[in-house]
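One structure is given below, encoded as structure tokens.
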Amino acid sequence: MKRLIDPASAFPALISMAGVTLFTLLFLHAESQEAVLGLTLGAAIALLLLARFGWNARAAASFAGHSGAGNASVIIGVLVVVAVFYDQHFPLLMLASVLLYIVVCLGLNLQFGYAGVVNFAGAAFFGIGCYTAAVLTEHSALPHLLVVVAGGVMAAGIGSLLILPVLRTYGHYAALITIAFGILFRVFLEVNDALGGPQGMKLPGMEIFGWKLNDGLTFGDIEVSFYANYVLVALAMAAVAFMLVRRLERSWIGLNLDAVRLDETACAAFGIDVARWKITAFTLGNFLAGLAGAVYAMMTGFVAPNSFTFGDSLILVSIVILGGIGNPWGLTVATAIVLILPEKLQFIQEYRLLLYAGLVILILLFRPGGLMPRQVRNYFPGWKP
Amino acid sequence: MNLKRSAIVSILGLTLAAAAGMASAKQTVKLVFIGPLTGGVSANGIGGRNSADLAVRLRNQDPKAKYSYELVSYDDECKPNIAVQVATKAAADNSIIAGVTHYCSVTAVATVDTYHKFGLPVVVWGAVLPSITYANKFPEIHRVNGTMINQNDVAAKFMTGLKFKRWVVIHDTTDYGKGHNQYFSEYLKKYGGNIVGTFGVTADQQDFTTELTKAKELKPDVIYFGGLTPLGVRIRSQMEKLGINAVFEGTSGIKSDAFIEGLGNKLAEGSLSFIEGAPWEKLPGGLYFTGKYAQQKYNEAPEAYGPFAFAAANLIMDAIEKVGPNRKKVTAELGNVKDRDSIIGKVTFDDHGQNIVPLITKYVVQDGKWVVWEDSEYGSGKRKLKGQ
Numbered sequence: 001m002k003r004l005i006d007p008a009s010a011f012p013a014l015i016s017m018a019g020v021t022l023f024t025l026l027f028l029h030a031e032s033q034e035a036v037l038g039l040t041l042g043a044a045i046a047l048l049l050l051a052r053f054g055w056n057a058r059a060a061a062s063f064a065g066h067s068g069a070g071n072a073s074v075i076i077g078v079l080v081v082v083a084v085f086y087d088q089h090f091p092l093l094m095l096a097s098v099l100l101y102i103v104v105c106l107g108l109n110l111q112f113g114y115a116g117v118v119n120f121a122g123a124a125f126f127g128i129g130c131y132t133a134a135v136l137t138e139h140s141a142l143p144h145l146l147v148v149v150a151g152g153v154m155a156a157g158i159g160s161l162l163i164l165p166v167l168r169t170y171g172h173y174a175a176l177i178t179i180a181f182g183i184l185f186r187v188f189l190e191v192n193d194a195l196g197g198p199q200g201m202k203l204p205g206m207e208i209f210g211w212k213l214n215d216g217l218t219f220g221d222i223e224v225s226f227y228a229n230y231v232l233v234a235l236a237m238a239a240v241a242f243m244l245v246r247r248l249e250r251s252w253i254g255l256n257l258d259a260v261r262l263d264e265t266a267c268a269a270f271g272i273d274v275a276r277w278k279i280t281a282f283t284l285g286n287f288l289a290g291l292a293g294a295v296y297a298m299m300t301g302f303v304a305p306n307s308f309t310f311g312d313s314l315i316l317v318s319i320v321i322l323g324g325i326g327n328p329w330g331l332t333v334a335t336a337i338v339l340i341l342p343e344k345l346q347f348i349q350e351y352r353l354l355l356y357a358g359l360v361i362l363i364l365l366f367r368p369g370g371l372m373p374r375q376v377r378n379y380f381p382g383w384k385p
Numbered sequence: 001m002n003l004k005r006s007a008i009v010s011i012l013g014l015t016l017a018a019a020a021g022m023a024s025a026k027q028t029v030k031l032v033f034i035g036p037l038t039g040g041v042s043a044n045g046i047g048g049r050n051s052a053d054l055a056v057r058l059r060n061q062d063p064k065a066k067y068s069y070e071l072v073s074y075d076d077e078c079k080p081n082i083a084v085q086v087a088t089k090a091a092a093d094n095s096i097i098a099g100v101t102h103y104c105s106v107t108a109v110a111t112v113d114t115y116h117k118f119g120l121p122v123v124v125w126g127a128v129l130p131s132i133t134y135a136n137k138f139p140e141i142h143r144v145n146g147t148m149i150n151q152n153d154v155a156a157k158f159m160t161g162l163k164f165k166r167w168v169v170i171h172d173t174t175d176y177g178k179g180h181n182q183y184f185s186e187y188l189k190k191y192g193g194n195i196v197g198t199f200g201v202t203a204d205q206q207d208f209t210t211e212l213t214k215a216k217e218l219k220p221d222v223i224y225f226g227g228l229t230p231l232g233v234r235i236r237s238q239m240e241k242l243g244i245n246a247v248f249e250g251t252s253g254i255k256s257d258a259f260i261e262g263l264g265n266k267l268a269e270g271s272l273s274f275i276e277g278a279p280w281e282k283l284p285g286g287l288y289f290t291g292k293y294a295q296q297k298y299n300e301a302p303e304a305y306g307p308f309a310f311a312a313a314n315l316i317m318d319a320i321e322k323v324g325p326n327r328k329k330v331t332a333e334l335g336n337v338k339d340r341d342s343i344i345g346k347v348t349f350d351d352h353g354q355n356i357v358p359l360i361t362k363y364v365v366q367d368g369k370w371v372v373w374e375d376s377e378y379g380s381g382k383r384k385l386k387g388q
């Protein structure tokens, strides 16, 4: 049953991933003005040309037909990047950050990509995870894996305070509630001296079963950056979260979530419990954000309210929109762009956020549906209606 | 890969040196500047960047310098997570020898561990929170500007000396404002002043009618404000609307030209500010600084902490000239700085790397300019502050 119609070959997917990996390597390595701008422009032109010759469609079909091979190639691509930059702290730190942000954005995607529950407090839920990790590592001897889980549980738990107002409101009003919560969260942290106040708190590095992530590995003469450890942990988390979200989307749960987003009245008429699915998506999304937050806090070793402003929440939302609402692959690409591009534009200093904002607007101008708009559900590989 | 990059860098450096007509044998040494180049306090960050850049340019013109210097600038956005990112980037880059880092206290506190871990010697140029230097004893961390402790000691003593009795404190709820509130309250009590009310406000608050109406009922002689320029401008102008007739006493955070521009000369008149270091406008080195700064035609003013960034960059380059471009040696050499002359007065680092500045300068706005108190007409008794 699985292969009703012969799917496209796996090669376009694999070749595309090899290309993307190579580009990532070059881009992370690029330092000079010319190199960064050249690579950015080059990528845009290459993508346009490839689209013109129909390569993108073929690659997409190939990915759809061979999701196993496609997923594996992405993981291998990340590992290749780690291997190349094994002793350089900075690219690995960026890579780990991107992977953790992907987890957060997958959560957001679940919320407003699928169930249509808007959440403009993504950074606050991320922050709850960070602060949970900070408090638990300081005041308890809980194993760090449990601390990470606790971060997720706390984010989901505190998020449940918002369930009632979010359920009772629609659209802009629900958005306002989450915005208010995000601002409240930051002000609360700033005036709360037990949580370090505006100065924030320090955290120790992560430790899993005696494996200290803050100590770099050494093989003979080769010293591996300790951030490689975090990349591996973040990669595992991102892979699991990605799989979870994909499975949810394909399952009857995903169908219910989509139905809730598209028409609540019709849903209720067909006996779908709207409140139940909204709560599920909202809580699960916050859980993912908290999970990623806990690991992120232990990686950077410092948390402060300044990192969780409304602006940061907007960045998270913009990642999901830029990637194409509802498409996990799209947000993966968008996260990399949104996190790495402003960093690579450091050479233009005070104008960098301006240029970066301009680029984002241009992308949305030419691709209003995001970089990779969501496709119709594909239950049978290669099947075309 | 690193070899290739350093080869490219040195080739670039050589061509630049050749193009400038200098001796091409000089080795290029990289320094990093980190500060807020975007966001609400970017005026101070850019001022500091320009000042550090000026120090580097002047040193590169000096034929006696053994090395030629290159300044790399990174933006920390005044956010701790971004600061840790750029600090890692700078510290992990072995071609960078030392750094002039951070204006916002929260970014400096967040990054000290990173610098310590990677062994990058840095000189903090603007962040005033005491714990940056005093929470740990990291040999890599130094600071040229004073802490808010000294600042508030002098401020409290000076204001009680002017026979003011009643204060209302308004502070922002960042570490900066809260710290100022804490130390000012402590010292004011010591010198016999009386705080009749304290209000914490968030750093992006727009309307202060509630706080100021309450403050008005308390009839203060002085409104003490612990926070930065944008908030200070709003509070001072809203004080006027509500008719509060009290002296506006700020901290180092409002000593900027933007404060006077934002309020206009009339409203800003008589506002006070206290800042660490000697009055650099009056030192020969300070005039040299402003003169050279004007010559380079930067688009932005150096702002209050520019001279500190300039001094920090010079201290680092002095150390490199003496011991060579080696991080460990530069760290050790910076630890030995004692009674060093600079445009901000003498610099002496204690065992925590903190500059023990004996001098705090008092400023008052007079006719649209920040004037050193002793030179002002207020100081000579010709003009009076409100309620005096």
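So the sequences go chain by chain: A and B.
Reminder that position 7 of the first sequence reads as 7 in the numbering used here, one-by-one numbering, no gaps.
Reminder that position 189 of the second sequence reads as 189 in the numbering used here, one-by-one numbering, no gaps.
Ideal Cβ placement from N, Cα and C applies to all residues, glycine included.
Taking C-beta separations shorter than 8 angstroms and ignoring five residues to either side along the sequence, the partners of MET94 (chain A) in its chain run LEU28, LEU339, ILE340 and GLU343, following chain order.
With respect to ALA304 (chain A), GLN199 (chain A) sits close: the two C-beta atoms are nearer than 8 angstroms. Around the beta carbon of HIS139 (chain A), fewer than 16 other beta carbons sit within 10 angstroms, so the residue counts as exposed.
About 37 angstroms separates the beta carbons of ASN56 (chain A) and ALA156 (chain A), which is beyond the 8 angstroms limit, so they are not a contact pair. At a cut-off of 8 angstroms, the C-beta of SER307 (chain A) has a neighbouring C-beta in chain B.
8 angstroms or more divides the Cβ of PRO36 (chain B) from the Cβ of TYR115 (chain B). As DSSP reads the structure, GLU70 (chain B) sits in a beta bridge with B:LYS30. Excluding sequence positions up to five before and after VAL98 (chain A), its CB lies within less than 6 angstroms of the CB of THR335, ALA336 and LEU339, all in the same chain and listed in chain order. Per DSSP, GLY197 (chain B) is not a residue of any alpha helix (DSSP H); the beta strand (DSSP E) it occupies stretches across 194-201.
Taking a C-beta distance under 8 angstroms as the contact criterion, THR300 (chain A) and ASN81 (chain B) qualify as a contact pair.
Under the 10 Å beta carbon count, ILE222 (chain A) is surrounded by fewer than 16 other beta carbons and is classified as exposed. Nearest CB-CB separation between ALA304 (chain A) and chain B: below the 8 angstroms threshold. The alpha carbon of TRP211 (chain A) has as its nearest neighbour, out of A:GLN111, A:MET201, A:GLY220 and A:PHE226, the alpha carbon of A:PHE226. Assigned with DSSP and collapsed to three states, GLU77 (chain B) falls in coil, not helix or strand.
Interface criterion met: the Cβ of GLY200 (chain A) is under 8 angstroms from a Cβ in chain B. With respect to the 8 angstroms criterion, ILE76 (chain A) and THR332 (chain A) are not classified as neighbours on the basis of their beta carbons.
The contact set of LEU353 (chain A) on chain B, defined by CB atoms closer than 8 angstroms, consists of THR38 in chain order. LEU257 (chain A) carries a helical assignment under DSSP once its states are collapsed to helix, strand and coil.
Beta-carbon to beta-carbon, GLY119 (chain B) and LYS328 (chain B) are separated by about 7 angstroms, close enough to satisfy the 8 angstroms threshold. It is roughly 49 angstroms from the alpha-carbon of PHE120 (chain A) to the alpha-carbon of GLY291 (chain B). Residues of chain A with a Cβ closer than 7 angstroms to the Cβ of TYR115 (chain B) do not exist, since the nearest Cβ in that chain sits about 12 angstroms away. Apart from the 5 residues on each side of it in sequence, PRO121 (chain B) sits with its Cβ closer than 7 angstroms to the Cβ of ALA98, GLU140, ARG327, VAL330, THR331 and LEU334 in its chain, given in chain order.
Against chain A, the beta carbon of LYS178 (chain B) has neighbours under 7 angstroms at GLY197 and PRO198, listed in chain order.
With the criterion set as a beta carbon lying under 7 angstroms from some beta carbon of chain B, the region 109-135 of chain A has no members that meet it.
Closer than 8 angstroms to the CB of TYR74 (chain B) there is at least one CB belonging to chain A.
Assignment of MET154 (chain A) by DSSP, reduced to helix, strand and coil, places it in the helix class. Annotation: the continuous beta strand (DSSP E) that includes HIS142 (chain B) extends over 141-143. By the criterion of a C-beta distance shorter than 6 angstroms, ALA87 (chain B) is surrounded in its chain by THR111 and THR114, once the five residues flanking it on both sides are discounted.
Close to chain A, meaning a Cβ-Cβ distance shorter than 8 angstroms, are the following residues of the region 199-213 of chain B: GLY200 and THR202.
Apart from the 5 residues on each side of it in sequence, ARG59 (chain B) sits with its Cβ closer than 6 angstroms to the Cβ of ALA65, TYR69 and MET317 in its chain, given in chain order. Secondary structure at MET372 (chain A): coil, using DSSP grouped into helix, strand and coil.
Scanning A:VAL149, A:HIS89, A:VAL104 and A:ALA241 for the CA closest to the CA of ALA124 (chain A) turns up A:VAL104. In the three-state scheme derived from DSSP, where H, G and I count as helix and E and B as strand, ASN355 (chain B) is classed as strand.
In the assembly as shown, PRO63 (chain B) is an exposed residue. Its beta-carbon has fewer than 16 other beta-carbons within 10 Å. Separation of ALA215 (chain B) and THR202 (chain B) (C-alpha to C-alpha, rounded to the nearest whole angstrom) is 17 angstroms.
The bridge partners DSSP lists for GLU138 (chain A) come to none.
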